[in-house]
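This report refers to the structure that appears directly beneath it.
Chains as they are written, first to last, in this note's numbering: chain E, 6 to 566; chain X, 565 to 1001.
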């Protein structure tokens, strides 16, 4: 096989170290049996095969679930399900009081609005630990936050506010990577001035009469920030994806989407009407196989060639903490003439020596990415999304994007916040605050991850990703972790099914440049304590080597949707 | 002894062979021959994907040329160059450097530059900053959001309300949360684009009925009933929904609600027009609304509404509740301009007389839509020169299910004085006469 520009050849699956025997291929990595993997684990090498493409070490690890823990987790869910059925039965026969709202009497003989089973999980599992989510706050979501205390006297079916406020809770849940969520400082002052002058609303769409001079200023700045020809800004990050992907591709096109892509990307891909094929998470062999087969065999049944192929990936995947293998993706895209749509919702501002995102992190050229999308919510402390790229692309989006025609444009004070924070990161406001924040975030990330790994927790994801998932696995521990941490004045985010696979529930920490070392140390101390209390230190330091993931040649997923 | 028995059995067999009828023997013979043939013939292989050689595959990959990512946009595309508004889009708006009276922004109650609204937003900005840095589930729920939801529920006299951070996403997330593949939705033809996208995302069966035609809706419902009777099992699990708009954006008419239904399950609204804020909300009974908190995509997977915008909406609600008189004032102004714009040669008014947002369409369209759009743009530009800011209603021509004809959108706000309304009407009349004749 002729080597391509990136050397991405399809290689034979590696079977030498017995990783295939009684293992299942999941997400591109194999759960190997204990004895065989112990030998392989000795060599924890992280150099990738296409080492030439990477200018820096790429350290990503997803330690496998220990067998005992997996079994106990399944047992836990089994017990919960049984109890769920029992409680449903009791509720049906009115032995137990039914707390949730029911349909109106007049409409009782209509077809039921919700499928009973759909809500089984919500009623019987989610309700028990519901107090860990939707916690209302009443201050700036900075490094410390004030949470309104809630109490429930009927096992989380309803909440009452006690009136107390838990002050100064360490905030490890908000997406505040560069610390721009502040209510004082230059950003806030600028936004206040613009608010006085412009007001809050816009009351029109971009194409009608809602295009303010502020919007043009913002778009020019975003284009300069990213290093692209032009950019366009939208009012909602979610809608940026769901309204622009249908404008770019349609029927007869192919979308290759990562397994763990965000709901907005999935929705945008579905609304476009193109054929969607899923490749295993961050697995370049899987992607290459799909690309090759797509070009060689064309559209299903008619065998016509595809009009275009669009690859959808994210910069940082927020549930796994992994960073996309961008150099390899770009090499593949160039070889197979596909287009790349990169969603940098979490990585813009958070990666790269000057905060320009995952493209700068890998030292690549922004022109190689056809569509650079991102949001202003996370690192800029505002709201909204943007798309950057060549001028033709942006011209096309200005005329054909659903958002430009039908949706209201960004609110002026929000625009000002973005402009000021972006200028700060670029260093154009005359201070070095931006650079310091970026550096502080990188230091915090490395420090936090290293300490947690040393303590013995299983941490997923890339070493440089500020999103840190800590594995909990068992359903009871989800609730316990959230509550114990709040008791110790630390607010964390816990996630379970259906945002993650059923046995891989996790706690997710989002680091911020606003976190000082003292705050991190306090948090780490408490996490250590709770980890001991709940027995969360599962790690056996057995990192599955990145390379030795035999690729199953027979799997070729086709989702005609 | 055994051989004797064997021999005897053999003799019996041979005897049976002689005694058997001929056709029986022939049939058996044929069957045996057929079995032998099947055993020895080659099996027929289904031609699998043509086995291409590696070299052929490489050639195919070399040769394949994709279309460009986006087709080129002509420089004179009507929607390419936006009007630039300098400063706030309030009653006196500066468009492309010219100061005009604003007849194009949906600022019905004039709350866009209301000092109380601005003050409330400013107070919120000083307390919370701008962004919420998270979705509602992960520390993105502020007390302001809870307040706003309470106030909206009370204002709309429903049990519960849920807010979204983007007006378009409100109905586009609400519909797929309830209606799934296999369900049936009856929707008006003139429904706006957001509803169409929500329906597309839900993958349900869509049945369109003629705009505001209740007889047509009834016909469709009756047809569905007949279908149901044919297949009762399927009918038992199919949900049915009717989607209508209160005031249709595309036609300026209202739906005949009393004829339609006696109780509404879900009301969805946009805070970006009269409330002069950003975002949208849904309200209804708790049984219905609570579901969206876990299955509304735009709610669960997106950052929550910035608190300053929520505070502005709350203040706007306060103002609306304190001065219920402004609604009557607005209605009166609508009636005034509606009457004044009747009888323009070449343009007809489309919309109810009390609708604050209505359309002016060409009475006689030239055969091509492009030509129509150009004529209307000419009228808009000339009105702009005479300091009346108007805009054409914009649509995505290839994406709309039932594309409305091109039109000029006229918006009435409480801030427009009677004199300004008269001036606008006479300007439009003059310009229309010049351009269309």
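Beta carbons are placed, not taken as given, at the ideal position from N, Cα and C, and that holds for glycine. Fair warning: this is a prediction, and the values are worked out from it, not measured in the lab.
Distance between residue j and residue i (C-alpha atoms, nearest Å)
i, j, result
"residue 53/E", "residue 334/E", "The predicted model places residue 53/E with a pLDDT of 47, which falls under 50 and marks its position as unreliable, so this point remains unresolved."
"residue 960/X", "residue 781/X", "27 Å"
"residue 588/X", "residue 570/X", "25 Å"
"residue 958/X", "residue 919/X", "19 Å"
"residue 899/X", "residue 414/E", "30 Å"
"residue 699/X", "residue 692/X", "16 Å"
"residue 672/X", "residue 680/X", "17 Å"
"residue 209/E", "residue 868/X", "21 Å"
"residue 800/X", "residue 750/X", "18 Å"
"residue 985/X", "residue 762/X", "37 Å"
"residue 573/X", "residue 615/X", "58 Å"
"residue 115/E", "residue 788/X", "15 Å"
"residue 164/E", "residue 91/E", "24 Å"
"residue 987/X", "residue 952/X", "9 Å"
"residue 636/X", "residue 397/E", "6 Å"
"residue 98/E", "residue 855/X", "24 Å"
"residue 670/X", "residue 835/X", "11 Å"
"residue 38/E", "residue 266/E", "With a pLDDT of 40 at residue 38/E, under the threshold of 50, the predicted position of this residue should be treated as unreliable, though the coordinate-derived value follows. In a straight line, the C-alpha of residue 38/E is about 29 Å away from that of residue 266/E."
"residue 945/X", "residue 222/E", "24 Å"
"residue 971/X", "residue 813/X", "12 Å"
"residue 642/X", "residue 757/X", "20 Å"
"residue 275/E", "residue 172/E", "43 Å"
"residue 262/E", "residue 282/E", "6 Å"
"residue 150/E", "residue 862/X", "25 Å"
"residue 921/X", "residue 880/X", "20 Å"
"residue 28/E", "residue 67/E", "Only weak support exists for where residue 28/E lies, its pLDDT of 37 falling under 50; the value from the coordinates is given anyway. Each residue's alpha carbon lies about 16 Å from the other."
Identity of the residues DSSP links to residue i by a beta bridge
i, result
"residue 512/X", "It is not possible to answer for residue 512/X, since the shown part of chain X is limited to 565 through 1001."
"residue 210/E", "413/E"
"residue 262/E", "283/E, 317/E"
"residue 955/X", "973/X"
"residue 476/E", "511/E"
"residue 165/E", "156/E"
"residue 275/E", "Beta-bridge pairing links residue 275/E to no other residue."
"residue 241/E", "According to DSSP, which records beta bridges pairwise, residue 241/E is partnered with nothing at all."
"residue 348/E", "319/E, 378/E"
"residue 922/X", "974/X"
"residue 706/X", "142/E"
Chain A contact for residue i (CB, 8 Å cutoff)
i, result
"residue 851/X", "The structure shown contains no chain A; its protein chains are E and X."
Residues that residue i contacts on chain X, provided the C-beta gap is smaller than 9 Å
i, result
"residue 521/E", "None at all; the shortest Cβ gap to chain X is about 18 Å."
"residue 405/E", "634, 637, 643, 960, 962, 963"
Contact under 8 Å by Cβ, residue i with residue j
i, j, result
"residue 85/E", "residue 503/E", "no"
"residue 474/E", "residue 325/E", "yes"
"residue 748/X", "residue 771/X", "yes"
"residue 242/E", "residue 416/E", "no"
"residue 892/X", "residue 943/X", "no"
"residue 852/X", "residue 830/X", "yes"
"residue 301/E", "residue 347/E", "no"
"residue 378/E", "residue 349/E", "yes"
"residue 186/E", "residue 695/X", "yes"
"residue 668/X", "residue 938/X", "no"
"residue 387/E", "residue 211/E", "no"
9 Å Cβ cut-off: residues of chain E touching residue i
i, result
"residue 700/X", "138, 139"
Residue i: contacting residues in chain X (beta-carbon distance under 8 Å)
i, result
"residue 108/E", "851"
"residue 267/E", "865"
Chain-ordered chain E contacts of residue i [CB-CB under 7 Å]
i, result
"residue 980/X", "Those within 7 Å of residue 980/X in chain E number zero; the least Cβ separation is about 14 Å."
"residue 646/X", "211, 212, 216"
Within chain E, the residues that residue i reaches when beta carbons sit closer than 8 Å
i, result
"residue 690/X", "188, 193, 197"
"residue 710/X", "141"
"residue 682/X", "200, 201, 204, 205"
beta-carbon residue i near the ligand COA non-hydrogen atom, thresh 7 Å
i, result
"residue 153/E", "For the structure depicted, the ligand COA is absent and the ligand set is empty, with no information on it obtainable."
Chain X residues whose Cβ lies nearer than 7 Å to that of residue i
i, result
"residue 416/E", "842, 873"
Runs of alpha helix (DSSP H) lying entirely within the stretch 661-693 of chain X, each at least 4 residues, in chain order
679-692
query: Where in the stretch 818-866 of chain X do unbroken runs of the beta strand (DSSP E), each at least 3 residues long, occur, reported from the N-terminal end onward?
result: 830-834, 844-848
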